[in-house]
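Q:
There are 4 protein chains.
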Amino acid sequence: MLKVGLLGAGRIAGVHAIAISSNTGSTLAAVSDYFPENAEKLAAQYGSAARSTEDIIADDSIDAVLIATSTDTHSDLIEAATQAGKAVLCEKPVDLSLDRARACQKVADKTGKPVMIGFNRRFDPNFGALKVALKAGEIGKPELLAITSFDPAPPPVEYIKVSGGLFRDMMIHDFDMSSFIMGEAPVSVMAAGSSIVDPEIGAAGDVDTAVVTMTYADGRIAVIKNSRRAVYGYDQRVELLGSEGLLQAQNMLENTVVKSTADGVTGAKPTYFFLERYMPAYSAEWNAFVEAVNSGAPMPVTLADGITALAMAEAATRSAQTGSPVRLEDV
Amino acid sequence: MLKVGLLGAGRIAGVHAIAISSNTGSTLAAVSDYFPENAEKLAAQYGSAARSTEDIIADDSIDAVLIATSTDTHSDLIEAATQAGKAVLCEKPVDLSLDRARACQKVADKTGKPVMIGFNRRFDPNFGALKVALKAGEIGKPELLAITSFDPAPPPVEYIKVSGGLFRDMMIHDFDMSSFIMGEAPVSVMAAGSSIVDPEIGAAGDVDTAVVTMTYADGRIAVIKNSRRAVYGYDQRVELLGSEGLLQAQNMLENTVVKSTADGVTGAKPTYFFLERYMPAYSAEWNAFVEAVNSGAPMPVTLADGITALAMAEAATRSAQTGSPVRLEDV
Amino acid sequence: MLKVGLLGAGRIAGVHAIAISSNTGSTLAAVSDYFPENAEKLAAQYGSAARSTEDIIADDSIDAVLIATSTDTHSDLIEAATQAGKAVLCEKPVDLSLDRARACQKVADKTGKPVMIGFNRRFDPNFGALKVALKAGEIGKPELLAITSFDPAPPPVEYIKVSGGLFRDMMIHDFDMSSFIMGEAPVSVMAAGSSIVDPEIGAAGDVDTAVVTMTYADGRIAVIKNSRRAVYGYDQRVELLGSEGLLQAQNMLENTVVKSTADGVTGAKPTYFFLERYMPAYSAEWNAFVEAVNSGAPMPVTLADGITALAMAEAATRSAQTGSPVRLEDV
Amino acid sequence: MLKVGLLGAGRIAGVHAIAISSNTGSTLAAVSDYFPENAEKLAAQYGSAARSTEDIIADDSIDAVLIATSTDTHSDLIEAATQAGKAVLCEKPVDLSLDRARACQKVADKTGKPVMIGFNRRFDPNFGALKVALKAGEIGKPELLAITSFDPAPPPVEYIKVSGGLFRDMMIHDFDMSSFIMGEAPVSVMAAGSSIVDPEIGAAGDVDTAVVTMTYADGRIAVIKNSRRAVYGYDQRVELLGSEGLLQAQNMLENTVVKSTADGVTGAKPTYFFLERYMPAYSAEWNAFVEAVNSGAPMPVTLADGITALAMAEAATRSAQTGSPVRLEDV
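Chains as they are written, first to last, in numbering that gives the first Met the number 0: chain A, 0 to 330; chain B, 0 to 330; chain C, 0 to 330; chain D, 0 to 330.
#1: Are the CB atoms of residue 206 (chain D) and residue 314 (chain D) within a distance shorter than 9 Å?
#2: Quick check: residue 300 (chain B) and residue 174 (chain B), are their CB atoms within less than 9 Å of each other?
#3: Is there a Cβ from chain A that is less than 9 Å from the Cβ of residue 128 (chain B)?
#4: Answer with yes or no whether the minimum CB distance from residue 41 (chain A) to chain B is below 9 Å.
#5: Ordered along the chain, which non-local residues of its own chain (more than five positions away) have a Cβ less than 6 Å from that of residue 106 (chain C)?
#6: State the start and end residues of the unbroken alpha helix (DSSP H) segment that holds residue 44 (chain D).
#7: Is the beta carbon of residue 81 (chain B) sitting closer than 9 Å to the one on residue 110 (chain B)?
#8: So who's on the other strand from residue 287 (chain B), going by DSSP bridges?
#9: Taking 9 Å as the CB-CB cut-off, is residue 304 (chain B) touching chain C?
#10: Under 9 Å between C-beta atoms, does residue 251 (chain D) make it to chain C?
#11: Which of the three DSSP states is assigned to residue 0 (chain B) in this structure?
#12: Should residue 177 (chain D) and residue 221 (chain D) be called a contact, given that it needs their Cβ atoms to be closer than 9 Å?
#13: Strictly by DSSP, which residues pair up with residue 114 (chain C)?
#14: Between residue 245 (chain B) and chain A, is the shortest Cβ-Cβ distance under 9 Å, so that the two count as touching?
#15: Is residue 268 (chain C) helix, strand or coil when you go by DSSP?
#16: Is it the case that the Cβ atoms of residue 208 (chain A) and residue 137 (chain D) are separated by a distance below 9 Å?
#17: Based on Cα-Cα distance, which residue from B:183, B:1, B:161 lies nearest to residue 305 (chain B)?
#18: DSSP three-state label for residue 249 (chain B), please.
#19: Select from the segment 263-294 of chain C all residues with a C-beta closer than 7 Å to any C-beta belonging to chain A, and list them in chain order.
#20: Note down, in chain order, each residue of its chain lying with its Cβ closer than 7 Å to the Cβ of residue 253 (chain B), except the 5 sequence neighbours on either side.
#21: If you follow the beta strand (DSSP E) that residue 210 (chain B) is in, where does it begin and where does it stop?
#22: Nearest CA to the CA of residue 261 (chain D): which residue from C:248, C:244, C:259, C:260?
#23: Under 8 Å by Cβ, that's how I've got residue 167 (chain A) and residue 312 (chain A) pegged, so tell me the actual separation to the nearest angstrom.
#24: What does residue 169 (chain D) reach in chain A if we use C-beta pairs closer than 9 Å?
#25: Would you kindly work out how many angstroms separate the C-alpha atoms of residue 48 (chain D) and residue 60 (chain D), rounded to a whole number?
#26: Any beta-carbon of chain B closer than 9 Å to the one on residue 204 (chain D)?
#27: Thinking residue 16 (chain C) and residue 5 (chain C) are a contact (beta carbons under 8 Å), I'd like their distance in whole angstroms, please.
#28: Sort D:84, D:95, D:52 by Cα distance to residue 29 (chain D) and report the nearest one.
#29: Are residue 93 (chain A) and residue 65 (chain A) closer than 9 Å when you measure CB to CB?
#30: Taking 9 Å as the threshold (beta carbon to beta carbon), is residue 323 (chain C) in contact with chain A?
#31: Can you give me the Cβ contacts of residue 226 (chain A) inside the same chain, cut-off strictly under 6 Å, excluding the 5 residues immediately before and after it?
#32: Just checking my contact of residue 144 (chain D) with residue 181 (chain D) at CB under 8 Å: how many whole Å lie between their CB atoms?
#33: What do you reckon, are the CB atoms on residue 101 (chain C) and residue 280 (chain C) nearer than 9 Å?
#34: Counting only C-beta atoms, is residue 230 (chain D) closer than 9 Å to chain B at any point?
#35: Would you tell me roughly how many angstroms separate the C-alpha atoms of residue 128 (chain B) and residue 293 (chain D), rounded to the nearest one?
#36: Could one say the Cβ of residue 148 (chain B) lies closer than 9 Å to chain D's Cβ atoms, at least one of them?
Set out below in structure tokens:
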């Protein structure tokens, strides 16, 4: 039974708490948060204990920590937890600074402790089924990947200002998805972005609509479309053209009811946002972590994967600013 | 906090145990089973106690029981539990004998204790959304209802022999669904059935493929199609034509991946069987029961509803045997 | 080059004129109509000649006639045309009177001339593809057929009064479709009908909403749903469950555009009515007729097929009136 | 009645001949071809006359010519036909040389004769319905356009060598579609291309897989994906995200039959290639040309539109070669 400390007690931590409790091989031993009352509330709900982060990391009876705190604390906590001998599952992104993330990786690597980065979408049953079909050779050799990823509504501009920008904050999930599907990182990244959803986002130095094209060493191409606003819900689709066919992972819908009237044929919208869409993915992610910790197998998503996604975000940010392609090896 | 005794520890009881535990207003206080070791196993998993059925019913600290035992025990247990002052959620069908079920209702009614029958499909998010749209007037006045309900594979003939037959065992869900959608019971029931899936089912006196047409007092019509075998999965669809449109609740699929190759465009199959398809419905059903018990509101599915469905099954059974329509008031 | 006389110059005759002209093996030699000016107008459009029906039938240079006149003239014209040595394609139904149709068949059979009945839906590319898949064994042995056939709006009550009733006028297409798919006629027909769309239809002695269940000698079952009103368009679907799968021929849509907004995901409606939906079928029907005439092969839809459909309509009419099943051999 | 000369008698000319004949306001007066026997064959089929191109252009009784000859003759024939006083519908592209096309436009403009370029996809009922919904404000302000356009199989390398390359030969349709939807040309074009479908295409100096991102003056973005090979058929989709929703024009399918078996749920493939998919578009294109000629209204697709698409292709070609964005004003 894996004894788990949950660092952070915000909304996403609540989702993780369900997954930790539901897995018959893990138990929620302790919860911490910057605001102790949040930790207490979550701990009470799951019969766990609210403690300080330092306490949890220092407690040798805790086997693993799940880091769900704010991004600026991730690197420090990964270092501290691995040095304290714990397995770590850390929410994405590793860090907003590529240099800091790389330094963190060196520290963690020295400890030999397993670190997994929480790119939950790899565990979505739809994207997972697409990957399985690809690996089974069902569409031959992959050639052209297209990822569509639209949020239902932009976050507050205050959040945007500290987010690291659309490429590091939002598209980073899609960068990781592209690596997951294509099996490697691209050679070159070319970005176009603009702030047409909300000019205040532009005034804050960020974009809200972006297209990134990436080319791979063997000539394959991937393109990612992002928008901060799709009023119909959370639009999360992946489409891969191969030498022998096309695979498409489409949206999950709120329900399957279709209404036909004189006005047309209307079905339900996509599930609204990431909690609804990726709830099964968060569970599967945690289960995969527990299984890897127990078996000693490599983590299904490594710290290196997190750093690769961050480097792609960095390259895209530069490309959008300069208007020229950026080689991944140059960031 | 509702203290719940779970009578029965089989497969469907396991599903109910999850729902009872997940609801913040109920707790799994005790489990019983004909085979005590089954009860012990399930109790251990949820930190509950394995006890005898008699014990549970006699325990005044238990507020409610969920009856998930074999059908032939339902009436007795409903009577015993309500007489012991407990709220009851009982799996369908109430009984295979319409007379016995009616007698049971009299006993239960005298106690004044709430009894809910587990027609879980009323709580399926898709059928629920259809009902909401209907009540909102989105397709005007309902006129013609069609229910398609196919199992993936027939049960063993040994089960069929004690099942009460397709109309009482399988189509009873669809009878209840028709009442749920149409808002009342039909006047007349006309059935056609045959055993073309498996002649052994016919030899056992049952049918495996059936179509039942029902007419309502105001001229509305409903038709139900049942088959014991749809090799592609659990096919569960409802379609309602109204004066201003059509509503269709379609199947839920295993995933959203679509593959296009030289052989065609292929998507995932429907979820395989009732546990996969109706897992969210079982949770919603339990939540509705707890809410009604706590608020004192009428049960969302009553014992009378269970008896109506049973009467429809009885009428369909006779109609299939005689080849003539049977009026519901005659059974 | 088949020289064709078109008897009737109404709306459906216009559709046939296109098909006759487009086929490189047939030419529109003459047109007649009860109102000569209609014939003249249609003839002018296609560089043909307006003549009297008698004239056309008497003209030995005319190889074939297409009968698109009112139903009450069909039997007489089939007899006259075959006796004059012509091949005949006659619009459905053969006749409203089963006796008259049977007498007509005897006359036509004596001439040895080929007669085809215009059940155009057999030539719809979607239903055709379903039949091809069935014959290829793609779903094993057929077991349960369901046909949904809704008109967008009821015809005027004046039309209904002379139509022969829903079963002979509207469902007759679906009866023929069932024979086309199942490969034989049913043993027994059981109908439920009511007039809930428009009480005036009921006052005229007809129904506007009906469900017919048919059973076959080997236990297979078919069910047909009809409504005179589906406000969203012409709803024409066929669904066949077999031992190894399900085949569904779905509606054709006006276009493929899908709109996702805060209100839901909306697509186009089905094509509005039979001219839009079955335009390709009318062409394919004519082409099949020409090919059969030229090759001497049996007609793809025979006069006997037309009489079988009529007998099924007769049986359904009686069943709806008496509330009891009617055996086809009894009509 | 518009008297039309058809220049060219190849496969696409055959499609145009049907459209010219079907329109009640135009007649196919003459046909020419580089190989006179081709012209004779097509003329015979439609009761027309085979003549030389020079003859047709010199014939004052011919009102309009449809140019369906090889691309290298387009500019010369547009000039000659307009100078001879004829209205012109010319297949795309205007020319492979942007300079030559611009010179041609000057000559044609001086004659004042109407010239329409055959971007048939603007007349596809699906893309047309998308445009109508956009103009009606159904998704608010357009922000992000994505066009997917895959051919079923690459043409012979010999064709590729004289085609002008993927951007001028294939993507030019998509460039025009983007202008049709967005209502203006982009400011900047950024292309990535590679030859992963067939290395021989790369050896011939062309790409077979490409992604082009375009940015507009107001910040809007469009992205086009092209592949020379989609083994499942002709993949032609347009998707537009706006401030209030998403519009998607999806593929047309060969039929509507869906098969569900133990292997999954399989539907028909997209229509195979442009003749099947765009047959209705070719008719609608011709009808729009005739209507504009008769009414004196501006051509629905102008020579300037053709030159804009060519300039976008030129910019994309340069961008793919240099790896940098190219401003449209620089080509």
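We put the beta carbon where it would ideally sit given N, CA and C, even for glycine.
A: Working from what's here:
#1: With respect to the 9 Å criterion, residue 314 (chain D) and residue 206 (chain D) are not classified as neighbours on the basis of their beta carbons.
#2: Against a cut-off of 9 Å, the Cβ pair of residue 174 (chain B) and residue 300 (chain B) comes out as no contact.
#3: So, interface residue.
#4: No, its Cβ sits nowhere closer than 9 Å to a Cβ of chain B.
#5: Listed in chain order, the non-local C-beta contacts of residue 106 (chain C) below 6 Å within the same chain comprise 78, local neighbours out to five positions each way being set aside.
#6: 35-44 is the extent of the alpha helix (DSSP H) around residue 44 (chain D).
#7: Cβ distance < 9 Å, so residue 81 (chain B) and residue 110 (chain B) count as in contact.
#8: Paired residue(s): none; residue 287 (chain B) is not in a bridge.
#9: For residue 304 (chain B), the answer is no, since every Cβ of chain C falls outside 9 Å of its Cβ.
#10: With 9 Å as the cut-off, residue 251 (chain D) counts as an interface residue toward chain C.
#11: Residue 0 (chain B) falls in the coil class under three-state DSSP.
#12: Against a cut-off of 9 Å, the Cβ pair of residue 221 (chain D) and residue 177 (chain D) comes out as a contact.
#13: Partner(s): C:87.
#14: With 9 Å as the cut-off, residue 245 (chain B) counts as an interface residue toward chain A.
#15: Secondary structure of residue 268 (chain C) (DSSP, three-state): coil.
#16: When the beta-carbon positions are compared, residue 208 (chain A) and residue 137 (chain D) stay at least 9 Å from each other.
#17: Comparing Cα-Cα distances from residue 305 (chain B) to each of B:183, B:1, B:161, the minimum goes to B:183.
#18: Judged by DSSP in its simplified three-state form, residue 249 (chain B) adopts coil rather than helix or strand.
#19: Residues of the segment 263-294 of chain C with a Cβ closer than 7 Å to any Cβ of chain A, in chain order: 263, 264, 265, 266, 267, 268.
#20: The answer, listed in chain order, is 267, 268, 270.
#21: Taken as a continuous stretch (DSSP letters only), the beta strand (DSSP E) holding residue 210 (chain B) covers 208-214.
#22: Closest by alpha carbon: C:244.
#23: Right, the Cβ-Cβ distance comes to about 4 Å (below 8 Å), so this counts as a contact.
#24: Within 9 Å Cβ-Cβ: nothing; residue 169 (chain D) doesn't reach chain A, min ~14 Å.
#25: If you draw a straight line from the Cα of residue 48 (chain D) to the Cα of residue 60 (chain D), it comes to about 13 Å.
#26: So no, residue 204 (chain D) is outside the interface.
#27: At roughly 6 Å, the Cβ-Cβ gap stays under 8 Å, so residue 16 (chain C) and residue 5 (chain C) are in contact.
#28: The residue with the shortest Cα to Cα distance from residue 29 (chain D) is D:52.
#29: Cβ atoms of residue 93 (chain A) and residue 65 (chain A): not closer than 9 Å.
#30: Not one chain A Cβ lies under 9 Å of residue 323 (chain C).
#31: The beta carbon of residue 226 (chain A) sits closer than 6 Å to those of 149, 208, all from its chain and outside the five residues before and after it, given in chain order.
#32: That belief holds up - the Cβ atoms of residue 144 (chain D) and residue 181 (chain D) are roughly 6 Å apart, short of 8 Å.
#33: No.
#34: With 9 Å as the cut-off, residue 230 (chain D) counts as an interface residue toward chain B.
#35: Whole-angstrom Cα-Cα distance: 53 Å.
#36: Not one chain D Cβ lies under 9 Å of residue 148 (chain B).
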